[in-house]
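> After the structure tokens below, expect a handful of questions from me.
There are 2 protein chains.
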Amino acid sequence: MLPPEIQNFAEIFSKLPAIGPRMATRLAFYIASLPETDRKKISHALENLGNLDRCPRCFFIKSSKEKFCGFCADSRRNPFLIAVVEKETDVFSIEKAGGFGGMYCVIGELDRRNPLGETQKKRLQKLKDTVSGWPEKNKGEIIVALSPNTFGDFVSELIKQGLKNTGVNVTRIGRGIPTGGEVEFADEETLRNSLENRK
Amino acid sequence: MLPPEIQNFAEIFSKLPAIGPRMATRLAFYIASLPETDRKKISHALENLGNLDRCPRCFFIKSSKEKFCGFCADSRRNPFLIAVVEKETDVFSIEKAGGFGGMYCVIGELDRRNPLGETQKKRLQKLKDTVSGWPEKNKGEIIVALSPNTFGDFVSELIKQGLKNTGVNVTRIGRGIPTGGEVEFADEETLRNSLENRK
Chain A
1 MLPPEIQNFA
11 EIFSKLPAIG
21 PRMATRLAFY
31 IASLPETDRK
41 KISHALENLG
51 NLDRCPRCFF
61 IKSSKEKFCG
71 FCADSRRNPF
81 LIAVVEKETD
91 VFSIEKAGGF
101 GGMYCVIGEL
111 DRRNPLGETQ
121 KKRLQKLKDT
131 VSGWPEKNKG
141 EIIVALSPNT
151 FGDFVSELIK
161 QGLKNTGVNV
171 TRIGRGIPTG
181 GEVEFADEET
191 LRNSLENRK
Chain B
1 MLPPEIQNFA
11 EIFSKLPAIG
21 PRMATRLAFY
31 IASLPETDRK
41 KISHALENLG
51 NLDRCPRCFF
61 IKSSKEKFCG
71 FCADSRRNPF
81 LIAVVEKETD
91 VFSIEKAGGF
101 GGMYCVIGEL
111 DRRNPLGETQ
121 KKRLQKLKDT
131 VSGWPEKNKG
141 EIIVALSPNT
151 FGDFVSELIK
161 QGLKNTGVNV
171 TRIGRGIPTG
181 GEVEFADEET
191 LRNSLENRK
């Protein structure tokens with residue numbers, strides 16, 4: 001009984017993360033009831049997401065028209081301190097916690113069936129190249145900020161091994177975050193502690 | 001540090017119902033990472049919502065190219081049984097519960113400061129006109145299916161009063177739904193009971 005426009009919208013939006021079929025239908029009704037100008041705003045916001053790509057240095061998201069992302073372009077940040085994170089939202093959480101001030105390497109969402117896939121390998125190779133170009137490698141540091149669960153520990157160990165011959169210090173975020181938890185959902189205090197207590 | 005495209009999207013989407021700023025940001029990252037074709041699909045689904053308007057008889061949503069909504073156009077449904085509901089999602093819930101088979105009159109979201117606003121008055125007048133055209137008014141029935149809370153009861157009473165001179169039977173959904181609850185979130189069994197136990 002629903003018009004195909006609503007059905008189609010609900011079907012497509014219910015595939016997005018954290019949006020179920022019921023919520024997608026409610027959204028469809030809501031957006032359909034908005035004035036034309038508001039709907040246009042939503043459309044534009046959506047289309048503008050097509051103007052994004054990844055920073056060639058740290059793989060964080062950036063506007064296509066910029067050469068580097070906001071972090072890599074910021075000369076006040078410490079280029080010899082790099083946090084390896086899984087996803088963009090982890091960068092976001094660490095920045096919100098404050099107290100970091102280094103750079104990032106976003107390796108991309110991990111797949112349990114293939115701990116270091118093509119994307120991860122390519123991005124970690126770039127990290128290795130960056131570190132190799134540092135004048136005093138032993139003064140730099142890579143903090144592996146993957147979620148501290150069994151799988152994250154395993155991947156962190158692989159990353160540590162991969163960076164061994166560069167001579168750089170590789171640390172792991174402190175166990176301030178409860179084991180089994182997720183970086184993304186940690187409170188700011190815990191996240192700040194985990195950056196301080198790295199080992 | 002976030003590109004303006006992400007910030008803009010998050011700001012606009014966090015105004016939609018049930019989407020907070022955090023979820024809007026996650027959605028932005030997710031959609032930005034999708035292939036062009038998937039993003040286009042989402043855009044089209046969104047734009048197509050502009051091709052909708054309301055059924056001139058029951059005010060349920062419909063494609064602009066259709067004359068009536070799916071319910072009003074369906075000759076198998078009982079045109080002498082009409083459920084008055086607040087919103088589209090209530091129609092959806094009643095349909096999912098099954099066992100109804102009549103028509104609807106969607107009066108639009110109620111405002112507590114103005115129980116029967118312009119929209120409601122216009123739509124209820126249309127309902128009155130429809131009922132006035134029925135050959136045997138006393139065989140028809142209007143079920144007022146507003147949420148059974150104090151405000152809903154009050155508005156239902158106003159609607160009953162307004163339909164008095166038409167001679168039609170006006171009933172209220174049964175108290176299967178706990179007082180203070182919402183039609184939209186009732187389980188199917190409770191909703192079905194409430195349709196049966198109308199009084």
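Chains as they are written, first to last, in the numbering used here: chain A, 1 to 199; chain B, 1 to 199. All residues carry an ideal CB built from backbone N, CA and C; glycine is no exception. Just so it is clear, the structure is predicted and the values come from calculations on it, not from any experiment.
For residue 168/A, which of 192/A, 133/A, 193/A and 196/A has the nearest alpha-carbon?
As a working note, residue 168/A is residue 168 in the first sequence. Answer by Cα proximity: 133/A.
> Quick check on the DSSP output: what are the complete beta strand (DSSP E) runs of length 3 or more inside the region 153-185 of chain A, in order along the chain?
Runs found: 169-172.
> Could you give the first and the last residue of the continuous alpha helix (DSSP H) run that contains residue 122/A?
Numbered from 1 along the first sequence, position 122 holds the residue referred to as residue 122/A. Unbroken alpha helix (DSSP H) run through residue 122/A: 118-132.
> Straight-line CA distance for residue 184/A to residue 118/A?
Residue 184/A sits at position 184 when you count from the first residue of the first sequence. Residue 118/A sits at position 118 when you count from the first residue of the first sequence. When rounded, the distance between both Cα atoms is 23 Å.
> Which ranges would you report for the alpha helix (DSSP H) in the region 27-53 of chain A if only whole runs of at least 4 residues count?
The region 27-53 of chain A contains these whole alpha helix (DSSP H) runs: 36-48.
> If we define contact as Cβ-Cβ less than 7 Å, is residue 23/B a contact residue for chain A?
Stepping through the second sequence from its first residue, residue 23/B is reached at position 23. Yes - at least one Cβ of chain A is within 7 Å of the one on residue 23/B.
> Does any residue of chain A have a CB that is nearer than 7 Å to the CB of residue 8/B?
Against the second sequence, residue 8/B aligns to sequence position 8. Yes, contact with chain A.
> For the alpha helix (DSSP H) containing residue 109/B, list its first residue and its last residue.
What you label residue 109/B is simply residue 109 of the second sequence in a count that begins at 1. That residue, residue 109/B, is in no alpha helix (DSSP H); it is neither H nor E in DSSP.
> Considering only the alpha carbon of each residue, which of 170/B, 29/B and 60/B lies closest to residue 46/A?
The residue given as residue 46/A occupies position 46 in the first sequence. Nearest C-alpha to residue 46/A: 29/B.
> What number of angstroms, rounded off, separates the C-alpha of residue 79/A from the C-alpha of residue 55/A?
One-based indexing of the first sequence puts residue 79/A at position 79. One-based indexing of the first sequence puts residue 55/A at position 55. Answer to the nearest angstrom: the Cα atoms are 15 Å apart.
> Would you say residue 57/A reaches chain B, if we count a Cβ-Cβ gap shorter than 7 Å as a contact?
The sequence position of residue 57/A within the first sequence is 57, counting from 1. Not one chain B Cβ lies under 7 Å of residue 57/A.
> Here's a check: name, in chain order, each residue in its chain whose Cβ is nearer than 7 Å to the Cβ of residue 102/A, leaving out the five neighbours to either side.
Looking up residue 102/A in the first sequence gives position 102. Closer than 7 Å at Cβ, skipping near neighbours: 77, 78, 81, 82 and 83.
> Would you report the Cα separation of residue 106/A and residue 58/A, rounded to the nearest angstrom?
For the purposes of this step, residue 106/A is identified with residue 106 of the first sequence, where counting begins at 1. For the purposes of this step, residue 58/A is identified with residue 58 of the first sequence, where counting begins at 1. Going from the Cα of residue 106/A to the Cα of residue 58/A covers about 6 Å.
> Contact between the region 65-72 of chain A and the region 132-147 of chain A: three or more CB pairs below 8 Å?
No: the two stretches stay apart, fewer than three of their Cβ pairs being nearer than 8 Å.
> Which word fits residue 192/B, buried or exposed, when buried means at least 16 other C-beta atoms lie within 10 angstroms of its C-beta?
Counted from its first residue, the second sequence places residue 192/B at position 192. Buried, since its Cβ has 16 or more Cβ neighbours within 10 Å.
> Taking CB distances under 7 Å as the criterion, tell me whether residue 63/B reaches chain A.
The residue labelled residue 63/B in the question sits at position 63 within the second sequence. Output row for residue 63/B: interface = yes.
> Roughly how many whole angstroms lie between the Cα atoms of residue 181/B and residue 146/B?
By 1-based counting over the second sequence, the position of residue 181/B is 181. By 1-based counting over the second sequence, the position of residue 146/B is 146. Roughly 11 Å between the two C-alpha positions.
> Would you say the region 22-42 of chain A touches the region 7-24 of chain B, given that touching needs at least three Cβ pairs under 8 Å?
Short answer: they touch.
> What residues from the region 35-47 of chain A come within 7 Å of chain B, judged by C-beta to C-beta, listed N to C?
Answer in chain order: 36, 39, 41, 42, 43, 45, 46 and 47.
> Short of 7 Å Cβ to Cβ, which residues in the region 96-109 of chain A face chain B?
Answer in chain order: no residues at all.
> Given this structure, state the Cα-to-Cα distance separating residue 85/A from residue 120/B, to the nearest angstrom.
Here residue 85/A corresponds to residue number 85 of the first sequence, with the count starting at 1. Here residue 120/B corresponds to residue number 120 of the second sequence, with the count starting at 1. Those two C-alpha atoms are separated by around 53 Å.
> How would you list, in chain order, the residues of chain A whose beta-carbon sits under 9 Å from the beta-carbon of residue 4/B?
The sequence position of residue 4/B within the second sequence is 4, counting from 1. Neighbours of residue 4/B on chain A, chain order: 48 and 63.
> My guess is that residue 115/B and residue 154/B are in contact by the Cβ rule of under 8 Å, so how many angstroms apart are they, rounded?
Indexing the second sequence from 1 puts residue 115/B at position 115. Indexing the second sequence from 1 puts residue 154/B at position 154. With 8 Å as the limit, residue 115/B and residue 154/B qualify as a contact, their Cβ atoms being about 6 Å apart.
> Taking a contact to mean a Cβ-Cβ separation below 7 Å, would you say residue 62/B touches residue 35/A in this structure?
Against the second sequence, residue 62/B aligns to sequence position 62. Against the first sequence, residue 35/A aligns to sequence position 35. No, the Cβ-Cβ distance between residue 62/B and residue 35/A is not below 7 Å.
> Does any CB atom of chain A fall closer than 7 Å to the CB of residue 54/B?
As a first step, residue 54/B must be located in the second sequence, where it is residue number 54. Output row for residue 54/B: interface = no.
> My understanding is that residue 162/A touches residue 197/A, with C-beta atoms under 8 Å, so please give their C-beta distance in whole angstroms.
The residue given as residue 162/A occupies position 162 in the first sequence. The residue given as residue 197/A occupies position 197 in the first sequence. Actually they are not in contact, since the Cβ atoms of residue 162/A and residue 197/A sit about 24 Å apart, beyond 8 Å.
> Among the candidates 50/B, 33/B and 109/B, whose CA atom is the shortest distance from the CA of residue 152/B?
The residue labelled residue 152/B in the question sits at position 152 within the second sequence. Per the Cα distances, 109/B.
> Compare the Cα-Cα distances from residue 64/A to each of 74/A, 52/A, 75/A and 73/A and report the closest residue.
Translated into positions along the first sequence, residue 64/A becomes position 64. Nearest option by C-alpha distance: 52/A.
> Quick one: is residue 152/B near chain A, going by C-beta distance under 7 Å?
The count along the second sequence starts at 1 and reaches residue 152/B at position 152. For residue 152/B, the answer is no, since every Cβ of chain A falls outside 7 Å of its Cβ.
> Measure the C-alpha to C-alpha separation of residue 179/B and residue 128/B and round it to an integer number of angstroms.
Stepping through the second sequence from its first residue, residue 179/B is reached at position 179. Stepping through the second sequence from its first residue, residue 128/B is reached at position 128. Spanning the two alpha carbons is a distance of roughly 28 Å.
> Going by Cα to Cα distance, which pick from 43/B, 100/B and 104/B is closest to residue 73/B?
Within the second sequence, residue 73/B is the residue found at index 73, counting from 1. Residue 104/B is the option with its Cα nearest to residue 73/B.
> Any idea if residue 21/A is buried or exposed, counting beta-carbon neighbours within 10 angstroms, 16 or more meaning buried?
Position 21 of the first sequence, counted from the first residue, corresponds to residue 21/A. The residue in question, residue 21/A, is exposed, as its Cβ has fewer than 16 Cβ neighbours within 10 Å.
> If I measure Cβ to Cβ from residue 99/A and keep anything under 8 Å in the same chain, skipping five residues before and after, which residues do I get?
By 1-based counting over the first sequence, the position of residue 99/A is 99. So the list reads 192, 195 and 196, once near-sequence residues are dropped.
> Excluding the 5 residues preceding and the 5 following residue 10/B in the sequence, name in chain order all residues of the same chain whose CB lies nearer than 7 Å to its CB.
In the second sequence, residue 10/B corresponds to position 10, counting from 1. 21, 24, 25 and 28, listed in sequence order.
> Can you name the start and end residues of the beta strand (DSSP E) that residue 200/A belongs to?
Shown here, chain A extends from 1 to 199; a query on residue 200/A therefore has no answer.
> Quick one: which residues of the region 157-182 of chain B get their C-beta closer than 9 Å to a C-beta of chain A? List them in chain order.
Listed by position along the chain: nothing, the set is empty.
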